[in-house]
Amino acid sequence: MVIALVPLLVERGASATVAAWALGLSGVGQVLGRVLYAPLARRLRVGPRTVLLLGLGAVGTLALGAFPGPVPLLVVLAVVVGVIRGNLTLLQATATANRWGTAHYGRQSAVLAAPVTVAAALAPVAAIALAGTVGGYATLHLVLAAVAGVAALLALGGTPRPTVRG
Numbered sequence: 000m001v002i003a004l005v006p007l008l009v010e011r012g013a014s015a016t017v018a019a020w021a022l023g024l025s026g027v028g029q030v031l032g033r034v035l036y037a038p039l040a041r042r043l044r045v046g047p048r049t050v051l052l053l054g055l056g057a058v059g060t061l062a063l064g065a066f067p068g069p070v071p072l073l074v075v076l077a078v079v080v081g082v083i084r085g086n087l088t089l090l091q092a093t094a095t096a097n098r099w100g101t102a103h104y105g106r107q108s109a110v111l112a113a114p115v116t117v118a119a120a121l122a123p124v125a126a127i128a129l130a131g132t133v134g135g136y137a138t139l140h141l142v143l144a145a146v147a148g149v150a151a152l153l154a155l156g157g158t159p160r161p162t163v164r165g
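The sequence shown begins at 0 in numbering that gives the first Met the number 0 and counts up one residue at a time.
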């Protein structure tokens with residue numbers, strides 16, 4: 000979503016300058032989301048936290064794709080989605096230890112991070128290609144929201160079981 004935010008806002012009538020500011024403010028939202036992650040982690044175990052954050056990511060991305068404006072509303076949505084993204088960053092960073100413990104952490108973390116890293120590297124090219132294929136960046140956000148929604152549903156069945164240590 001972050002890759003396609005500027006072209007989405009320009010497509011919706013924002014100037015390139017306003018769109019760039021929205022992207023920057025979304026980054027501020029990400030920092031705020033990281034600050035808010037610890038209290039969230041204290042209140043929710045990893046399974047429900049994963050489902051919640053993926054679901055919120057889907058809803059936020061859906062809102063960006065569905066609402067045509069006004070531009071100030073889209074900027075506010077970009078910040079809110081940034082907060083969610085900041086939480087997701089720390090969810091990903093702690094996923095290995097939270098699910099499988101710290102034994103063999105390096106190997107397990109690398110296996111988990113590899114496909115995420117490849118996807119992040121391909122995201123700019125994929126976003127441009129998909130936006131052209133589906134009819135624009137608003138529709139692309141709707142597609143991304145659907146993918147995030149499926150991920151949230153899959154996470155419902157993927158809640159880790161506590162590891163028995165002996």
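We treat Cβ as the ideally placed atom computed from N, Cα and C, and that holds for glycine.
Check: The stretch 81-100 touching the stretch 26-46, judged by at least three CB pairs closer than 8 Å; Outcome: yes
Check: Outcome for residue 163 when other beta-carbon atoms lying within 10 angstroms are tallied against a minimum of 16; Outcome: The predicted position of residue 163 is uncertain, since its pLDDT is 49 and thus under 50; a value taken from the coordinates is nonetheless stated next. Residue 163 should be labelled exposed.
Check: Top-ranked residue by Cα proximity to residue 18, from 150, 62, 70; Outcome: 70
Check: Cβ pair residue 62, residue 151 closer than 8 Å; Outcome: no
Check: Neighbourhood of residue 102 by C-beta distance below 7 Å, restricted to the same chain and skipping five residues each side; Outcome: none
Check: Any beta strand (DSSP E) of 3 or more consecutive residues that is wholly inside the stretch 56-111; Outcome: none
Check: Under the three-state DSSP convention, the category residue 163 falls into; Outcome: Unreliable placement is indicated for residue 163, whose pLDDT of 49 sits below 50; the coordinate value is still reported in the next sentence. Of the three classes helix, strand and coil, the one that applies to residue 163 here is coil, per DSSP.
Check: Within 8 Å, strictly: CB atoms of residue 95 and residue 104; Outcome: yes
Check: Three-state class that DSSP yields for residue 14 in the structure shown; Outcome: coil
Check: Reference residue 60; option with closest CA among 153, 14, 136, 154; Outcome: 136
Check: Under 8 Å between C-beta atoms of residue 50 and residue 143; Outcome: no
Check: Beta-carbon separation (whole angstroms), residue 3 vs residue 9, contact threshold 8 Å; Outcome: Not a contact, Cβ separation roughly 11 Å.
Check: Nearest-angstrom Cα separation, counted from residue 111 out to residue 1; Outcome: 21 Å
Check: Same chain only: Cβ atoms within 8 Å of residue 165, ignoring 5 sequence neighbours per side; Outcome: Low confidence applies to residue 165: its pLDDT is 44, below 50, so where it sits in the model is not reliable, and the reading given next is rough at best. Same-chain partners within the cutoff: there are none.
Check: Three-state secondary structure (DSSP) of residue 41; Outcome: helix
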